[in-house]
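Here is the structure we will look at, set down as structure tokens.
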Amino acid sequence: MSNLLWKSLVVSPAVLGATLLVSTTAIAAPSTTEVLPAEQPSVTTVTQQPELLAQTANDANVLDQVNRYSNEGSGKNNSQAQVTSVSQFSDVQPTDWAFQALQSLVERYGCIAGYPNGTYRGNRALTRYEFAAGLNACLDRVNELIATATADLVTKQDLATLQRLQEEFSAELATLRGRVDSLEARTAELEANQFSTTTKLVGEAIFAVSDAFGDGTGDANNTVFQDRVRLGLQTSFTGRDVLTTRLAAGNAQAFAIQGNTGTIAGAEGTQTFQIGSTGDNSVEIDKLTYEVPIGPAQVYLAAAGGRHSHYAAVNNPYFFDKTDGGNGALSAFSSESPIYRIGGGAGIALNLPLGRGGGILGNSSVTVGYLGSEANSPAASQGVFNGDYAALGQLNFSLGDRIALAATYVHGYNGAGSALFDSGLSLNNAAGTPIGVVGTQQANTLANASSSNSYGVSAAFRPSDKLSVSGFVAYTDVVGSGVGDDFESWTYGAGVALSDFGKRGNVLGVFAGAQPYALNRPGFGGGDVPYQIEGFYKYRVSDNVSITPGVIYLTSPGQNSDNDDAIIGTLRTTFTF
Numbered sequence: 053m054s055n056l057l058w059k060s061l062v063v064s065p066a067v068l069g070a071t072l073l074v075s076t077t078a079i080a081a082p083s084t085t086e087v088l089p090a091e092q093p094s095v096t097t098v099t100q101q102p103e104l105l106a107q108t109a110n111d112a113n114v115l116d117q118v119n120r121y122s123n124e125g126s127g128k129n130n131s132q133a134q135v136t137s138v139s140q141f142s143d144v145q146p147t148d149w150a151f152q153a154l155q156s157l158v159e160r161y162g163c164i165a166g167y168p169n170g171t172y173r174g175n176r177a178l179t180r181y182e183f184a185a186g187l188n189a190c191l192d193r194v195n196e197l198i199a200t201a202t203a204d205l206v207t208k209q210d211l212a213t214l215q216r217l218q219e220e221f222s223a224e225l226a227t228l229r230g231r232v233d234s235l236e237a238r239t240a241e242l243e244a245n246q247f248s249t250t251t252k253l254v255g256e257a258i259f260a261v262s263d264a265f266g267d268g269t270g271d272a273n274n275t276v277f278q279d280r281v282r283l284g285l286q287t288s289f290t291g292r293d294v295l296t297t298r299l300a301a302g303n304a305q306a307f308a309i310q311g312n313t314g315t316i317a318g319a320e321g322t323q324t325f326q327i328g329s330t331g332d333n334s335v336e337i338d339k340l341t342y343e344v345p346i347g348p349a350q351v352y353l354a355a356a357g358g359r360h361s362h363y364a365a366v367n368n369p370y371f372f373d374k375t376d377g378g379n380g381a382l383s384a385f386s387s388e389s390p391i392y393r394i395g396g397g398a399g400i401a402l403n404l405p406l407g408r409g410g411g412i413l414g415n416s417s418v419t420v421g422y423l424g425s426e427a428n429s430p431a432a433s434q435g436v437f438n439g440d441y442a443a444l445g446q447l448n449f450s451l452g453d454r455i456a457l458a459a460t461y462v463h464g465y466n467g468a469g470s471a472l473f474d475s476g477l478s479l480n481n482a483a484g485t486p487i488g489v490v491g492t493q494q495a496n497t498l499a500n501a502s503s504s505n506s507y508g509v510s511a512a513f514r515p516s517d518k519l520s521v522s523g524f525v526a527y528t529d530v531v532g533s534g535v536g537d538d539f540e541s542w543t544y545g546a547g548v549a550l551s552d553f554g555k556r557g558n559v560l561g562v563f564a565g566a567q568p569y570a571l572n573r574p575g576f577g578g579g580d581v582p583y584q585i586e587g588f589y590k591y592r593v594s595d596n597v598s599i600t601p602g603v604i605y606l607t608s609p610g611q612n613s614d615n616d617d618a619i620i621g622t623l624r625t626t627f628t629f
């Protein structure tokens with residue numbers, strides 16, 4: 053098992069000005085989703101309202117138009133602002149063929165708007181309706197210049213060109229005005245009846261049928277039908293920030309992996325939907341966070357349920373689904389490097405870009421964060437700084453859009469009777485033994501107060517649009533306050549994912565590696581490396597439903613090759629809204 057492992061037509065400045073303004077239009081936007089600043093770049097949430105969608109197909113089309121109108125033109129996150137210099141655009145360079153034309157338009161007409169993130173998006177395709185809208189905006193600007201006695205800025209040639217364009221697009225302009233009036237009326241109706249103008253409700257429900265196989269493990273476990281439901285309120289006050297309040301309930305429990313002498317007190321084989329489950333479908337607030345940009349930095353604040361993987365780049369595409377959602381890998385181990393499972397709770401984090409391309413620090417950033425699992429308690433040896441905590445520092449690098457790299461360091465402190473890789477949840481098994489959410493008992497158990505220093509690297513490579521290769525390796529040095537408490541832990545893994553396999557939106561993934569383990573730890577047996585292999589296939593039934601069958605294969609559970617291998621089979625169905 054050790055071997056497993058920008059081109060468009062050149063036209064007069066006035067015409068180009070209309071094209072430039074087209075990104076301020078509110079019609080025919082290419083997307084019906086809105087990227088929330090609180091999430092990682094790849095995470096989006098659907099802005100549709102299920103109640104209205106269910107009425108008629110016509111309502112669905114109208115709502116789709118409203119979404120596009122909002123997101124592309126007048127939406128909070130995509131609103132454009134007038135610029136005074138073309139150099140304000142990060143994606144327009146002096147070497148670009150249209151740079152002088154753009155600069156002239158700014159100086160002569162003040163006829164260019166850009167996006168809040170400093171981009172212009174000059175390569176974006178447009179429809180005739182979009183062009184007509186941009187032309188109309190440019191005509192308004194020219195009329196304004198004439199009315200304010202600045203007509204000398206507009207040449208005869210420009211006016212003649214504009215007149216021809218106005219005649220050419222007269223039909224589209226008339227239609228456009230009617231469509232905008234209709235959309236504004238429907239938007240007013242939706243706003244009058246919506247839940248909130250600042251808050252969106254998002255949710256996820258997971259149904260999973262699972263069973264465990266293997267001589268001892270199979271006999272000790274039965275086929276189970278488990279669930280987990282999450283309802284999140286995502287509130288934005290400025291359009292760039294997000295306050296997340298999430299309720300969760302579930303009854304999922306991990307299987308009891310058996311060894312020759314009984315149940316193995318580890319977290320091997322734990323699946324993502326089983327992490328943090330209340331066990332009896334009781335409801336709790338499992339995440340309360342606020343994310344907001346301050347200057348160039350993105351700030352993350354967690355009052356409850358904070359995780360390092362909420363704010364740090366994990367570099368494990370297709371396998372990782374933020375906050376252990378139901379659209380990535382089945383197991384906690386395959387989802388992300390265990391180094392991000394050290395600590396959790398309440399705290400603060402910061403992401404700061406170091407460069408915008410070019411040079412050694414181009415396309416790089418630094419991430420720092422601090423989370424404490426006992427931050428709410430004023431008791432002795434607890435609180436924000438005296439209780440269990442984990443401080444993370446990470447350097448992120450990207451080479452183009454195909455390779456992402458990260459180097460991570462985590463310093464942690466745990467009190468007696470805790471587990472190292474527990475995501476700040478302070479879990480115990482039925483016997484009261486501390487267990488984590490990933491890894492063996494030998495790598496998790498901290499009988500006495502201990503400090504730890506962990507070092508990890510992760511990488512993701514995308515050789516094509518449909519193939520992704522990712523992996524990680526992490527090392528932890530633990531120093532305990534008791535005799536024989538010092539030990540070292542290792543973990544590593546790699547995976548291959550094929551997207552759109554068989555159908556758009558489907559994912560076939562295989563991940564293999566070694567669960568966090570500690571060999572030859574004093575007072576603990578087990579000198580073998582516990583490997584795990586997982587294969588899964590996510591079948592996308594619709595935009596809101598996916599079915600994921602998969603298998604998790606565990607070797608040498610409990611770090612003992614004498615223990616029978618275990619197999620976990622799962623059929624997971626995920627509903628998102």
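Residues in the sequence shown are numbered from 53 upward in steps of one, following our numbering.
Glycine included, each C-beta is placed from N, C-alpha and C at the ideal position.
For G302, the uninterrupted beta strand (DSSP E) segment begins and ends at 294 to 302. S329 sits in coil when the DSSP states are folded into three classes, being neither helix nor strand.
In the structure shown, Y370 falls within a coil segment according to DSSP collapsed to helix, strand and coil. One thing to note: S383 has its Cβ within 8 Å of the Cβ of I604. Here T324 is not near G255, since their CB atoms are 8 Å or more apart. Under the DSSP definition of a beta bridge, V276 partners with S262. Per DSSP, reduced to three states, the secondary structure at P609 is helical. Here DSSP, grouped into helix, strand and coil, assigns I394 to coil.
Per DSSP, A317 is not a residue of any alpha helix (DSSP H), being assigned neither H nor E. For D338, the uninterrupted beta strand (DSSP E) segment begins and ends at 336 to 346.
In this model, T497 and A319 are separated by some 11 Å (Cα to Cα). The alpha carbon of A354 has as its nearest neighbour, out of S425, A300, S262, the alpha carbon of S425. For G575, no beta strand (DSSP E) segment is defined, and its DSSP state is neither H nor E. Just measuring C-alpha positions, the residue of S533, V548, D529 sitting nearest F539 is D529.
Taking C-alpha positions only, R573 is separated from G328 by approximately 28 Å.
Selection N428, A564, A570 evaluated against Q494 yields A570 as nearest (Cα-Cα). In this structure, N500 and A468 form a Cβ contact; the two beta carbons are roughly 5 Å apart against a cut-off of 8 Å.
An exposed status is given to I337, since fewer than 16 other beta-carbon atoms sit within 10 Å of its beta-carbon. For A354, the uninterrupted beta strand (DSSP E) run begins and ends at 349 to 358, by DSSP. V418 sits close to L447, with the two beta carbons spaced by under 8 Å. Just so you know, the alpha carbons of P146 and L457 end up roughly 30 Å apart.
As summarised for the stretch 435 to 478, the continuous beta strand (DSSP E) elements at least 3 residues long and confined to that stretch are 441 to 451, 455 to 466, given in chain order.
By the Cβ-count criterion, G331 is exposed, with fewer than 16 other Cβ atoms from all chains shown falling within 10 Å of its own Cβ.
T322 and N596 have their C-alpha atoms spaced approximately 25 Å apart.
Within the stretch 496 to 524, the runs of beta strand (DSSP E) that reach at least 3 residues and sit entirely inside it are, in chain order, 502 to 516. Per the coordinates, the alpha-carbon of F627 lies some 9 Å from the alpha-carbon of F259.
By the Cβ test, the stretch 342 to 351 is in contact with the stretch 400 to 407, since at least three Cβ pairs between them sit closer than 8 Å. Between T251 and L285 the beta-carbon gap is near 5 Å, inside 8 Å, which marks them as a contact. With fewer than 16 other beta carbons inside 10 angstroms of its own, F277 counts as exposed.
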